[in-house]
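Taking my numbering, the leading residue of the sequence shown gets 75, the next gets one more, and so forth.
Glycine included, C-beta positions come from ideal geometry on N, C-alpha and C.
As the structure is a prediction and not an experimental result, all values here were calculated from the model.
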Amino acid sequence: MGDRYIFLAFLAILALHHNGSIETETLIDSPPQTVWTLLTATDDYPLWNPEISQLRGQFREGNVIEFLEGTEPDAMVFHPKILAVQVVRELRRKG
């Protein structure tokens with residue numbers, strides 16, 4: 075019976091996000107170049123993003139990067155693919 079409820083919850087989430095994507099937007103009161111510099115400094119992610127404890131790789135289109143969310147030994151590891159990089163304009167990933 076428990077598995078059935080988990081499956082129904084999963085279907086409800088899919089219905090809410092029918093296109094399979096989640097988008098967020100944040101207004102940052104800083105020049106675009108400053109934001110881009112911070113966003114692409116992978117070694118510094120843990121300094122400003124408390125969710126990411128480590129990030130490895132380069133933000134280049136087609137690359138797969140690795141980041142850890144949380145801390146060891148309970149950290150979750152993600153391997154998103156970089157889909158688009160337009161300097162000071164767009165950094166898009168999947169996964």
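query                                                                                                          : result
N-terminal and C-terminal residue of the beta strand (DSSP E) that residue 151 is part of                      : 150-152
Exposure of residue 102, with buried meaning 16 or more beta-carbon neighbours within 10 Å                     : exposed
Coarse secondary structure for residue 101, derived from DSSP in three states                                  : coil
Classification of residue 156 by the beta-carbon crowding that lies within 10 angstroms, buried from 16 upward : buried
Bridge-paired residues (DSSP) for residue 158                                                                  : 166
Three-way DSSP call (helix, strand, coil) for residue 139 in this model                                        : coil
Collapsed DSSP secondary structure at residue 132 in the structure displayed                                   : coil
Which listed residue (125, 104, 137) has its alpha carbon closest to that of residue 24                        : The chain is shown from 75 up to 169; residue 24 falls before or after that span and cannot be answered.
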